[in-house]
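Visitor:
Listed below in structure tokens is the structure:
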């Protein structure tokens with residue numbers, strides 16, 4: 196990323212964003228952003244912040260646990276590449292993020308805007324209600340007219356300002372020739388204000404400014420409840436774009452030149468140091484190392500890389516320097532294509548029609564027709580325009596879909612609260628509705644059904660002397676299997692023996708000298724062993740015996756077996772799709788009783804399988820955690836990711852699993868079905884209310900004020916019914 200520079204006198208990012216005048220001064224501070232996918236608690240935050248703040252040149256470092264992100268202010272010469280090894284030494288994975296791209300996704304003001312409009316409507320409603328009480332209490336003639344005009348002066352600007360979301364949405368729908376729930380709302384507000392203004396100008400006994408404001412307040416309350424049920428909406432495609440490497444080191448006549456990635460071209464030779472991410476798709480020209488390909492496959496175990504090996508943008512070089520010849524740059528890279536897949540899937544998901552929108556298609560035309568017929572009928576019957584207009588206003592207000600507007604957010608708020616206690620965060624407004632219809636569940640493997648960290652399973656078959664040698668060699672490597680072996684041996688009380696001349700062979704393993712002989716720990720091919728189908732690290736003690744393998748397995752995430760069993764019991768089809776090897780995926784599928792599985796799947800393979808299931812009429816729930824799952828998460832009917840997932844995966848999902856246990860997934864399906872049932876009950880309550888109230892309004896027995904009170908009572912009833920979900 197291009198570091199964001201700002202003058203030292205600036206005190207906040209907002210000051211930097213608000214440009215005043217061009218001042219040619221040398222930048223004195225840089226801002227960096229790092230993604231920290233493996234942090235999970237306050238202790239992690241403290242450890243990361245202490246480690247970063249202790250690094251030379253760092254002015255301040257702050258960690259956001261929710262976003263799993265660190266924001267750093269440092270000297271201009273400090274780069275993210277300098278800090279990633281620091282965090283690796285602390286035991287945390289880190290990736291550089293493009294701060295400029297992220298800034299474009301974090302300016303969401305919708306919540307504050309709705310809350311401000313709700314406050315204005317409530318404050319204005321209380322003031323106008325006080326004036327109305329005086330009129331109801333007997334104020335007449337000039338006093339009554341004065342109170343009405345004061346109410347008009349308060350109500351008109353308040354409704355125009357507070358009701359802007361309804362006016363905007365209604366106009367957007369009408370402009371393309373369709374009706375939504377906001378159209379009858381706007382008509383009711385406008386007609387109530389116009390009728391009240393007319394009554395005031397004619398010195399009428401009653402005006403309905405309080406009704407218009409109360410209606411606006413209730414409707415905004417529903418909108419705000421709806422907003423609060425989900426996290427701040429950000430585009431997963433933009434999050435993926437932020438992970439693209441912004442700078443690269445290009446080799447020019449054996450000289451290293453740092454250039455923006457946008458300046459790279461086909462055929463350029465690019466140096467990627469250990470710990471760096473590939474900026475392009477290409478082929479390794481020189482060097483040997485190991486690559487973390489979790490970005491594309493989701494699997495955390497490294498793969499060996501040598502000259503001729505194909506690499507993709509976003510893969511992490513782990514152990515040795517590599518020179519890569521670029522074969523695809525910019526928009527042609529695999530990482531950028533993944534972002535395109537996500538963007539396409541996001542646009543497809545936006546076409547989902549919620550229950551409220553479906554009801555509006557039937558409800559809105561009926562309301563308009565009834566109000567128009569009431570006006571025409573009463574005018575032809577009495578030729579009293581004033582009476583006809585009052586009755587039409589009463590019909591429109593009493594049928595205003597306030598109860599329908601609250602029906603969904605009231606239930607989703609209650610359901611979200613219940614699931615939050617179970618460890619699940621509902622992000623999207625229609626997630627529960629979509630989850631209720633799920634008949635197929637697709638799981639990723641590593642990091643989702645499993646913990647994503649290898650665990651040693653055959654420590655006991657080695658002698659203590661062998662373990663002491665293995666531990667000494669393992670501590671000299673950062674390979675995931677070496678770290679797992681180190682943890683297991685230390686837990687068993689093993690101490691490393693004195694191995695000298697310790698050195699790591701990038702892509703192969705670690706070797707050293709012990710009692711005059713060479714000892715090695717590493718890949719099967721390096722030690723001349725038979726790899727077999729199981730994950731292993733091989734030990735050669737240098738005594739002439741055949742190398743022996745430390746066997747590892749990926750432990751199940753808590754609740755994985757229970758979640759799969761409960762989903763099967765609920766009649767849902769369960770599939771496993773992973774980028775891991777066939778043997779590993781088949782083994783896990785057998786352990787969990789999953790009959791259908793797909794191994795060695797690339798991101799586009801996962802998205803295509805999800806789309807294929809959808810095309811056959813299935814409603815798919817996708818559960819995944821990696822960037823390689825992002826397109827599939829977005830393409831699914833509804834999606835869940837654990838809180839340990841990388842940014843883009845969590846953003847792409849509708850629901851975030853806050854804890855380690857997977858068992859709440861089955862509970863979420865049950866709650867979603869109950870919530871959808873309550874929503875339908877609320878629609879029936881609102882319909883029943885209209886069946887009773889509308890004839891009374893048409894018959895002239897309900898003034899606009901009585902209509903507003905009746906509308907409020909239906910809204911309260913709907914809200915109370917939603918609380919039964921808890």
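In the numbering used here, the protein residues as written are 196 to 921. Every residue, glycine too, gets a C-beta built ideally from N, C-alpha and C. Since we're looking at a predicted model, the values are computed, not measured.
Taking just the CA atoms, how far does residue 854 sit from residue 873?
Guide: For residue 873 and residue 854, the distance between alpha carbons rounds to 27 Å.
Visitor: Determine contact between the stretch 495 to 508 and the stretch 461 to 475, defined as no fewer than three beta-carbon pairs at a distance below 8 Å.
Guide: Touching, yes, given that three or more Cβ pairs across the two stretches are closer than 8 Å.
Visitor: What did DSSP end up calling residue 706 once you bin it into helix, strand or coil?
Guide: Here residue 706 sits in strand by DSSP.
Visitor: Using three-state DSSP, classify residue 263 as helix, strand or coil.
Guide: Coil at residue 263, not helix or strand.
Visitor: From the DSSP output, in three-state form, read off residue 248 for me.
Guide: Helix, per DSSP.
Visitor: Let me know if residue 312 comes out buried or exposed under the rule of 16 or more other beta-carbons within 10 Å of its beta-carbon.
Guide: Buried: at least 16 other Cβ atoms inside 10 Å.
Visitor: What does the alpha-carbon distance come out to for the pair residue 643 and residue 353?
Guide: Distance between the alpha carbons of residue 643 and residue 353 is about 49 Å.
Visitor: Measure the C-alpha to C-alpha separation of residue 485 and residue 666 and round it to an integer number of angstroms.
Guide: Roughly 21 Å between the two C-alpha positions.
Visitor: Taking the alpha helix (DSSP H) that residue 887 falls in, what are its first and last residues?
Guide: 859 to 893 is the span of the alpha helix (DSSP H), which, as asked, contains residue 887.
Visitor: Find out if the Cβ-Cβ distance for the pair residue 753, residue 668 is shorter than 9 Å.
Guide: No, the Cβ-Cβ distance between residue 753 and residue 668 is not below 9 Å.
Visitor: Exposed or buried, what is residue 896 when buried is set at 16 or more other beta-carbons lying within 10 Å of its beta-carbon?
Guide: Burial call: exposed.
Visitor: Taking DSSP's pairing of strands, which residues face residue 447 in a bridge?
Guide: Paired residues: 450.
Visitor: May I ask which residues mark the beginning and end of the alpha helix (DSSP H) holding residue 664?
Guide: First-last of the alpha helix (DSSP H) with residue 664: 659 to 669.
Visitor: Under the rule that 16 or more other beta-carbon atoms within 10 Å means buried, what is residue 453, buried or exposed?
Guide: Exposed, since its Cβ has fewer than 16 Cβ neighbours within 10 Å.
Visitor: Give me the DSSP bridge partner(s) of residue 791.
Guide: Note: residue 791 sits in a beta bridge opposite 770.
Visitor: Three or more beta-carbon pairs under 8 Å between the stretch 876 to 887 and the stretch 619 to 629, yes or no?
Guide: In short, these stretches do not touch, since the Cβ pair count stays below three.
Visitor: To the nearest whole angstrom, what separates the beta carbons of residue 340 and residue 395, a pair I think is in contact under 8 Å?
Guide: Going by Cβ atoms, the distance from residue 340 to residue 395 rounds to 7 Å, so yes, they are a contact pair.
Visitor: Hey, out of 368, 398, 347 and 416, whose CA is closest to residue 922's CA?
Guide: In the structure displayed, the chain extends from 196 to 921; residue 922 sits before or after that span and is not available.
Visitor: Please classify residue 328 as buried or exposed, where buried requires at least 16 other C-beta atoms within 10 Å of its C-beta.
Guide: Residue 328 is exposed by the Cβ-count criterion.
Visitor: Since residue 250 contacts residue 278 with CB under 8 Å, what's their CB separation in whole angstroms?
Guide: Confirmed, Cβ separation roughly 7 Å.
Visitor: Taking the alpha carbon of residue 400 as the point to measure from, which residue in 859, 343, 762 and 765 has its own alpha carbon closest?
Guide: For residue 400, the nearest C-alpha among the options comes from 343.
Visitor: By DSSP, does residue 472 sit in helix, in strand, or in coil?
Guide: In this structure, residue 472 counts as strand in the three-state DSSP scheme.
Visitor: Do the stretch 770 to 777 and the stretch 795 to 805 meet, that is, are 3 or more Cβ pairs less than 8 Å apart?
Guide: With the cut-off at 8 Å, the stretch 770 to 777 and the stretch 795 to 805 touch.
Visitor: Can you grab the Cα-Cα spacing for the pair residue 576 / residue 365, in whole Å?
Guide: Cα to Cα, residue 576 sits roughly 32 Å from residue 365.
Visitor: Say whether the stretch 625 to 636 touches the stretch 679 to 699, bearing in mind that this needs 3 or more beta-carbon pairs closer than 8 Å, one atom from each stretch.
Guide: The stretch 625 to 636 vs the stretch 679 to 699: no contact.
Visitor: Checking the sheet assignment: what are the DSSP bridge partners for residue 717?
Guide: DSSP output for residue 717 lists 704 and 733 as bridge partner(s).
Visitor: Report the rounded CA-to-CA distance for residue 497 versus residue 761, giving the unit in angstroms.
Guide: Straight-line Cα distance between these residues: approximately 34 Å.
Visitor: Distance check for residue 696 and residue 707, CA to CA, integer angstroms please.
Guide: About 5 Å.
Visitor: Rounded C-beta distance between residue 511 and residue 639? I'm assuming under 8 Å.
Guide: Their Cβ separation, rounded to whole angstroms, is 19 Å, which puts residue 511 and residue 639 out of contact at 8 Å.
Visitor: Do residue 851 and residue 838 have their C-beta atoms closer together than 9 Å?
Guide: In this structure, residue 838 lies closer than 9 Å to residue 851 by Cβ.
Visitor: Please name the residue in 501, 582 and 443 whose C-alpha comes closest to that of residue 701.
Guide: Ranking 501, 582 and 443 by Cα distance to residue 701 puts 501 first.
Visitor: Less than 9 Å between the C-beta atoms of residue 833 and residue 637, yes or no?
Guide: Not in contact: residue 833 and residue 637 (Cβ atoms no closer than 9 Å).
Visitor: In this structure, how does DSSP classify residue 919 when only helix, strand and coil are distinguished?
Guide: Residue 919: coil per DSSP, three-state reduction.
Visitor: Taking the CB atoms as reference points, tell me whether residue 229 and residue 257 lie closer together than 9 Å.
Guide: No, Cβ-Cβ distance for residue 229 and residue 257 is not below 9 Å.
Visitor: May I ask you to report which of helix, strand or coil DSSP gives residue 673?
Guide: Coil at residue 673, not helix or strand.
Visitor: Along the alpha helix (DSSP H) that carries residue 650, what are the first and last residues, could you check?
Guide: That residue, residue 650, is in no alpha helix (DSSP H); its beta strand (DSSP E) goes 645 to 651.
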